[in-house]
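What follows is a set of notes on a single structure, which appears directly below.
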Amino acid sequence: MVSTSFEPRPDTYGPRIKHVPLHSHSEGENAIALAAAAGLDLDQWQRDALAAAMGTVLDTWAAPRVGILCPDENDREYATLARELYELLLFANRRIVHTAAHFSTAREAQHKLSRILMESNFLRSEVKHVYTANGQQRIEMRNGSVIHYVARKTGSIRIANVDLLVLDDAEFLPDSTYRDVLPTVVHSGNPQVWMLGNAVDARSNNHGHVFGRARHRALALDPQQCWIEYSADDARYPNDDPDPSRRARLVIDPDDRTQWARANPGRRISENSIREERQTVLEREFLTHRLGIGHWPTIDDDATGGDAS
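Below, the structure is given as structure tokens:
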């Protein structure tokens, strides 16, 4: 019998790359508890990511910048939903901006959060109004907190003093957009910026520099960058390998089910669906989008006008 999900349910392997700034406390447990009370069933990997990303030192975020790389269909949005619920419900007068590459993605993110709020008996009364008109998508809470939803391809972000900035589809985040959006958090007392996405294939995507720089900072052990990455092993044979057929090729076998599980910690994605995907898409696409193995852009701050963060 072929299993339809990876078992056991807890994250068996953990992230392949994990850099977490030193902290004395984590608000992740509060976010996890609130999510559970709201009926949001988090995977183990999402709970672990929240605990890592929400570390604090003297009531200040240990990591002002958070990057989460996890292949699609692993429900990355559950982690952001829990983070946004925490900010909206536990504090008054907070401002959140959730951006995505496309309108449909931003709209779906709003729909999921509003559904959680409105279907909960104890949270429904906390909602003041849900606005769904194009360009005005937001959820306002009775405590004064509000979350705005913006599609980066169709809208601009002109909101000041943002406490939490969520940049979904971060592998498609242009430098110009990132530079435009960063001023929204400048005057907030304790802001946090979350980037979530998949691996970058610079051969077909020229908007991966921002996410690539975040990853580069984490690999350089930047004390203010948290990075959680679920991906298969990307080690390659050297260019001077004695066997010419292996040169620069991946060491792993893309058909290795262990590597599938390592890159896909979500329990809602089935092994059968991964197998079907392997048989129907190009290997290059499978490596990037399902195994999280990127062809990352070269870090060149001069070419992008410097690192704006």
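Residue numbering for the sequence shown follows the UniProt record's numbering, beginning at 1 and increasing consecutively. Glycine included, C-beta positions come from ideal geometry on N, C-alpha and C.
- Residue range Q192 to G197 is occupied by the beta strand (DSSP E) that includes M195.
- Within the stretch 67-115, the complete beta strand (DSSP E) segments of 3 residues or longer fall at 95-100, listed in chain order.
- Distance from S145 to L85 at the Cβ level is roughly 11 Å; contact not present, criterion being Cβ atoms closer than 8 Å.
- When the five nearest sequence neighbours on each side are left out, the beta carbons in the same chain lying within less than 6 Å of the beta carbon of G67 are those of M195, A214 and W227, in order along the chain.
- Of the candidates E277, H207 and D256, H207 places its Cα closest to the Cα of H295.
- Beta bridge pairing from DSSP links R236 with L250.
- Taking all protein chains shown into account, R142 has fewer than 16 neighbouring C-beta atoms within 10 Å of its C-beta and is therefore exposed.
- Across the set Q46, A202, A79 and A52, the C-alpha of A202 shows the shortest separation from the C-alpha of T298.
- L291 and E77 have their alpha carbons spaced roughly 18 Å apart.
- Put simply, the stretch 116-135 does not touch the stretch 168-179. Fewer than three CB pairs are less than 8 Å apart.
- If you look at Q225, you'll find it in the beta strand (DSSP E) that goes Q225 to E229.
- Counting along the chain, R138 sits inside the beta strand (DSSP E) bounded by residues R138 to M141.
- DSSP, read as helix, strand or coil, puts T184 in helix.
- Put simply, of R284, T288 and T60 the residue whose alpha carbon is nearest the alpha carbon of V200 is T288.
- With distances taken between CA atoms, F122 lies nearest to G39 out of P223, G39 and D75.
- Separation of V162 and Y178 (C-alpha to C-alpha, rounded to the nearest whole angstrom) is 14 Å.
- The alpha-carbon of S245 is positioned some 14 Å away from that of D253.
- Under the three-pair Cβ rule at 8 Å, the stretch 60-74 does not count as touching the stretch 108-117.
- C-alpha of D72 to C-alpha of Y237: approximately 27 Å in a straight line.
- Counting the other Cβ atoms within 10 Å of the Cβ of R83 gives 16 or more, which makes it buried.
- Residue pairing for W296: DSSP places it in no beta bridge.
- Scanning its chain for C-beta atoms nearer than 6 Å, with the 5 sequence neighbours on each side dropped, one finds around W260 the residues I274, in chain order.
- Under the three-state reduction of DSSP output, V210 falls in the helix class.
- Here N239 is exposed, its C-beta having fewer than 16 other C-beta atoms within 10 Å.
- L50 is not a Cβ neighbour of G197, given a cutoff of 8 Å.
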